[in-house]
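Each number in my numbering corresponds to the 1-based position in the sequence shown with 25 added. We treat Cβ as the ideally placed atom computed from N, Cα and C, and that holds for glycine.
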Amino acid sequence: MPTIDQATSYYHQFLVHIIRVLPKYVAGFAVLYPDNHPVLQHHPRRALPHDHKTDFSTLRMCLIEEATVIGNIRVHDDIYINQLGMNSSQLSDYAIPLFADQLTLARTRSAQRHRRMEKNSWERREIFQLGIGFFHLCMNFIWVLLHSHRGAAIQPGSLSFFFSILEKKRLGSDKPDYHTLLVALQQIVDGLLLYTWKCECGLLSLSEFAHRNPSSDTLLTMAKAILHKYRPLSPSILTEKSRSQQRKGESENDMSDSGLSNEADNQTDHEDRTDGDIFQQNTCKLIRDLLYMQELVRAISDGDFGRIEDLFPDLARMFRGAGSNNYCIEILHFLHSVKRVWSPAFANIMWDNMIINVAGLPGHGMGIDMNIEHIIGALKVSQMH
Numbered sequence: 026m027p028t029i030d031q032a033t034s035y036y037h038q039f040l041v042h043i044i045r046v047l048p049k050y051v052a053g054f055a056v057l058y059p060d061n062h063p064v065l066q067h068h069p070r071r072a073l074p075h076d077h078k079t080d081f082s083t084l085r086m087c088l089i090e091e092a093t094v095i096g097n098i099r100v101h102d103d104i105y106i107n108q109l110g111m112n113s114s115q116l117s118d119y120a121i122p123l124f125a126d127q128l129t130l131a132r133t134r135s136a137q138r139h140r141r142m143e144k145n146s147w148e149r150r151e152i153f154q155l156g157i158g159f160f161h162l163c164m165n166f167i168w169v170l171l172h173s174h175r176g177a178a179i180q181p182g183s184l185s186f187f188f189s190i191l192e193k194k195r196l197g198s199d200k201p202d203y204h205t206l207l208v209a210l211q212q213i214v215d216g217l218l219l220y221t222w223k224c225e226c227g228l229l230s231l232s233e234f235a236h237r238n239p240s241s242d243t244l245l246t247m248a249k250a251i252l253h254k255y256r257p258l259s260p261s262i263l264t265e266k267s268r269s270q271q272r273k274g275e276s277e278n279d280m281s282d283s284g285l286s287n288e289a290d291n292q293t294d295h296e297d298r299t300d301g302d303i304f305q306q307n308t309c310k311l312i313r314d315l316l317y318m319q320e321l322v323r324a325i326s327d328g329d330f331g332r333i334e335d336l337f338p339d340l341a342r343m344f345r346g347a348g349s350n351n352y353c354i355e356i357l358h359f360l361h362s363v364k365r366v367w368s369p370a371f372a373n374i375m376w377d378n379m380i381i382n383v384a385g386l387p388g389h390g391m392g393i394d395m396n397i398e399h400i401i402g403a404l405k406v407s408q409m410h
């Protein structure tokens with residue numbers, strides 16, 4: 026479970042995401058609230074310096090298949106023994122961070138278990154300290170969201186319904202292209218948030234709302250109302266409301282026999298039906314989950330490890346609830362290492378190397394495992410010639 030401090034932190038970050046949609050799409054708000062406005066700033070938790078630029082040292086291409094345990098061991102030998110020219114005794118003195126996708130991390134753990142009787146730390150592969158690659162974390166997270174909210178094209182509130190509206194039905198496949206799916210999900214959550222703003226302000230258009238020059242405090246208060254109003258109800262609340270509706274229906278039958286009825290009861294009944302509306306609840310759940318996606322992606326681009334750590338407990342539960350046990354376990358492995366295995370100084374080393382900034386510009390952070398993806402196409406082409 027997230028701590029109170031973590032929950033308070035990402036609650037504020039969600040409010041910023043809700044407000045940011047206004048200047049992004051409404052010209053009037055873009056003038057009133059430029060990107061550097063205080064109300065649009067996320068609270069930093071543990072961010073890289075704004076001028077941080079990652080230094081690189083390149084290695085030769087490794088052509089070894091790494092999908093197996095023995096393949097991973099051979100990759101280690103090629104990089105550290107053949108290319109870097111080190112020996113097992115030298116390497117045994119180091120603790121080396123290894124950030125990768127879940128399959129590579131699982132293969133490395135298998136190698137550590139199978140070789141635990143070897144003569145030194147290198148041969149046992151104990152020197153590798155494992156961390157999650159944030160690119161693969163994001164990719165699998167949005168696939169999990171797709172799996173959870175896919176639904177059918179005729180079901181309002183489902184992703185298939187919104188894909189049909191956007192004319193992107195091909196995104197309904199099991200594992201569509203990451204970038205295409207991410208853009209579509211961002212469009213969907215932005216559209217839903219714009220609609221909630223229009224409902225909340227009670228005006229004909231958001232441009233009219235901008236003309237009224239609402240203060241930042243007003244926007245923050247309304248964003249809190251939106252986050253509260255469109256939160257999904259827990260199953261226990263829905264069950265209780267269903268029972269309440271059943272009891273109310275029986276009571277109304279008795280009242281109708283005696284000719285008794287009033288407007289207040291009708292209003293309460295309308296609210297209960299709204300809270301129990303499965304389509305509305307699906308949409309509320311979708312908004313909630315897509316806010317997690319937005320915060321995860323934004324925290325990585327901002328280079329803020331602390332904001333990502335705030336999300337980890339809930340992300341682990343969301344992965345587990347969607348049936349993606351592997352990434353749930355990877356998050357738990359990492360949190361256990363941070364809290365129980367590594368010293369605070371080494372934990373900081375791990376955090377400091379999980380996000381890189383190749384350009385050295387604010388907002389250009391990426392998971393370290395994302396860097397190779399930029400040239401993977403060129404690498405594949407080069408191997409064909």
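Which class does P122 belong to by DSSP, given the choice of helix, strand or coil?
Position 97 of the sequence shown, counted from the start, is the residue given in the question as residue 122. P122: strand per DSSP, three-state reduction.
Can you look up M142 in the DSSP assignment and give me helix, strand or coil?
Counting from 1 along the sequence shown, the entry for residue 142 is found at position 117. Residue state, collapsed to three classes: coil.
Through-space distance from A324 to K249, alpha-carbon basis:
What you label residue 249 is simply residue 224 of the sequence shown in a count that begins at 1. What you label residue 324 is simply residue 299 of the sequence shown in a count that begins at 1. Rounded to the nearest angstrom, the two C-alpha atoms are 21 Å apart.
Could you tell me whether the Cβ atoms of T79 and N382 are closer together than 8 Å?
Within the sequence shown, numbered from 1, the residue matching residue 79 stands at position 54. Within the sequence shown, numbered from 1, the residue matching residue 382 stands at position 357. Yes, they are a contact pair.
CB-CB under 8 Å to V94, same chain, minus the five flanking residues each way: which ones, in chain order?
The residue given as residue 94 occupies position 69 in the sequence shown. Take V94, set aside five residues on each side of it, and the residues of its chain with a beta-carbon closer than 8 Å to its own are R132, S135, A136, H139, in chain order.
Please work out which residues of its chain come closer than 8 Å, Cβ to Cβ, to G328, disregarding the five sequence neighbours upstream and downstream, and give them in chain order.
Locating residue 328 in the sequence shown gives position 303, counting from the first residue. Spatial neighbours of G328 in its own chain (CB-CB distance under 8 Å, excluding positions within 5 residues in sequence) are listed in chain order as A72, L73, H77, I380, N382, G390.
List, from N- to C-terminal side, the beta strand (DSSP E) runs of 3 residues or more that fit wholly inside the stretch 143-174.
You should have 153-157.
Where M391 sits in the DSSP three-state scheme
To locate residue 391, count along the sequence shown from 1; it is residue 366. It is a strand residue.
Taking the runs of the beta strand (DSSP E) that are 3 residues or longer, which of them lie wholly in the stretch 57-129?
If you keep only unbroken beta strand (DSSP E) runs of at least 3 residues inside the stretch 57-129, you get 121-125.
S241: which of H361, M26, Q66 sits nearest, CA to CA?
Here the question's residue 241 lines up with position 216 in the sequence shown. Nearest to S241 by alpha-carbon distance, out of H361, M26, Q66, is Q66.
Can you give me the start and stop residues for the alpha helix (DSSP H) that Y203 sits inside?
Residue 203 sits at position 178 when you count from the first residue of the sequence shown. Counting along the chain, the alpha helix (DSSP H) containing Y203 begins and ends at 203-226.
With a threshold of 16 other CB atoms inside 10 Å of the CB of E334, please say whether the residue is buried or exposed.
As a position in the sequence shown, residue 334 is number 309, starting the count at 1. Label assigned to E334: buried.
Could you check whether M343 and V169 sit closer than 8 Å to each other, using their CB atoms as the reference points?
For the purposes of this step, residue 169 is identified with residue 144 of the sequence shown, where counting begins at 1. For the purposes of this step, residue 343 is identified with residue 318 of the sequence shown, where counting begins at 1. With contacts defined as CB atoms closer than 8 Å, V169 and M343 qualify as a contacting pair.
Taking 8 Å as the cut-off, does the stretch 348-367 touch the stretch 147-162 (at least 3 CB pairs, one atom from each stretch)?
By the Cβ criterion, the stretch 147-162 is in contact with the stretch 348-367, since at least three pairs of Cβ atoms, one from each stretch, lie closer than 8 Å.
At least three beta-carbon pairs within less than 8 Å, the stretch 309-320 to the stretch 207-222:
Contact between the stretch 309-320 and the stretch 207-222 is present, because at least three Cβ pairs lie under 8 Å.
Under 8 Å, with one C-beta from each stretch per pair, do the stretch 360-378 and the stretch 142-158 reach the 3-pair mark?
Segments in contact, yes.
Length of the line joining the Cα atoms of L217 and P69
If you number the sequence shown from 1, residue 217 lands on position 192. If you number the sequence shown from 1, residue 69 lands on position 44. When the Cα atoms are used, L217 and P69 turn out to be separated by approximately 26 Å.
Skipping 5 residues on each side, what residues in its chain have a beta carbon closer than 6 Å to that of D118?
Translated into positions along the sequence shown, residue 118 becomes position 93. Sequence-distant partners of D118 (beyond 5 residues in either direction) whose C-beta falls short of 6 Å from its own C-beta are missing from its chain.
Go through its chain and collect everything with a Cβ distance to G197's Cβ below 7 Å, but skip five positions before and after it.
In the sequence shown, residue 197 corresponds to position 172, counting from 1. By the criterion of a C-beta distance shorter than 7 Å, G197 is surrounded in its chain by R175, S185, F188, once the five residues flanking it on both sides are discounted.
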